[in-house]
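Counting along the sequence shown from 1, when you hit position 195 you're at 359 in our numbering, and nothing is skipped either side.
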Amino acid sequence: MQEVLNDLFDYSNLKIFQYVEGFKFSLDSILLAEYVKTTSKTKNILDLCSGNASIPLILSTKTKAYIDAFEIQESIYNLAKKSILYNKLENQITIYNSDIKEIDNYKKNKKYDIITCNPPYFKVENNSHVNYLEVLSIARHEIKINLEEIFLLASSHLDDKGEFYMVHRASRLDEVIITANKYNLNVKNVELIKTKEDSKPYIILVRCIKNSKLGIKINNEKNIDNLTTYQGLFKEDL
């Protein structure tokens, strides 16, 4: 597939390699990266299901923390690697072409202050409409990893009181909360995102803290209808 070098949304100082037709970064990832809160104490970040590294690239503008990222698909990993090198961020961001379930082969005893994930949104069922392009079907559907496996991995590699940030479909909020609590990643904040003023929430941004007390704060709904003109930026549009 033909590659193109684009601006990373309105981060004019960042460039990102993408395919002209096929895999592109999504607005979901941008919203998640902007949702993450870092401090001077943030030293290590892990990004799961990293795609072409849009989240690590944006996070590099917010923190000097070291960022590890995992992407299972070799062709997408290659795009991410090129973007990291092009932006001269190889000393801050390291991406691995590996199934994140194999993370212990690389980072067995490492704990992170923050873990982020823009996971596949859809379960694979008999009536699932799986994209004919494999790179897109793996990005959208739980073919290689599911929600519970992601929470298990995040809990295993987060430091105590570490934070886990996820973007997901609003329709799976109940499952997200139940699964998070199962692995001691109690949901502390939820932000509802909708694409039109009169529409229902489309996606959710979730912040969890490992081994925290129960209690969720629901933030005000965010309307992003002014951004929907960016065709193809939503993961659901892939």
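For glycine and all other residues, C-beta sits at the position ideal for the given N, C-alpha and C.
Note that the structure is a prediction, hence the values are computed from the model and not measured.
Query                                                                                                                 : Result
The segment 336 to 347 in contact with the segment 306 to 324 per 3-pair CB rule at 8 Å                               : yes
CA-to-CA distance, L249 to Q182, given in whole angstroms                                                             : 14 Å
Closer than 7 Å: A229 CB and nearest the ligand PLP heavy atom                                                        : Summarising the ligand content, the structure contains no ligands, and the ligand PLP is consequently not present.
L378 classed as buried or exposed, judged by whether at least 16 other C-beta atoms fall within 10 angstroms          : exposed
Counted within 10 angstroms of its Cβ, other Cβ atoms place I259 as buried (16 or more) or exposed                    : buried
Residues of its chain near E238, where Cβ-Cβ distance is below 8 Å and the 5 sequence neighbours each way are ignored : N261
Residue environment, D263, which counts as buried when at least 16 other CB atoms sit within 10 Å                     : exposed
Close Cβ partners of I367 (< 7 Å) along its chain, the five nearest in sequence each way excluded                     : D192, V331, H332, R333, A334 and I357
Residue closest to L223, alpha-carbon to alpha-carbon, out of E235, K207 and I236                                     : K207
Candidates K274, K265, S190 and Y241: closest to Y230 by CA position                                                  : K274
Y183 (DSSP reduced to helix, strand or coil)                                                                          : strand
Inside the segment 175 to 223 only - alpha helix (DSSP H) runs reaching at least 4 residues                           : 191 to 199 and 218 to 223
C-alpha gap between L337 and P365, whole angstroms                                                                    : 11 Å
Closest residue to K205 among E327, N353, K386 and S376 (Cα-Cα distance)                                              : E327
Three-state class that DSSP yields for E254 in the structure shown                                                    : coil
Straight-line Cα distance separating I209 from K226                                                                   : 12 Å
Local conformation of D118 per DSSP, three classes                                                                    : Residue numbering for the chain in the displayed model covers 165 to 402; residue 118 lies beyond these limits and cannot be assessed.
Distance between N353 and D362 (C-alpha atoms, nearest Å)                                                             : 23 Å
C-alpha gap between V184 and N170, whole angstroms                                                                    : 10 Å
Where F234 falls: helix, strand or coil (DSSP)                                                                        : strand
Extent of the continuous beta strand (DSSP E) run through N353                                                        : L349 to K358
Check whether K308 and I236 have beta carbons under 8 Å apart                                                         : yes
Proximity winner among K374, T359, I257 and L369, relative to N387 (alpha-carbon distances)                           : T359
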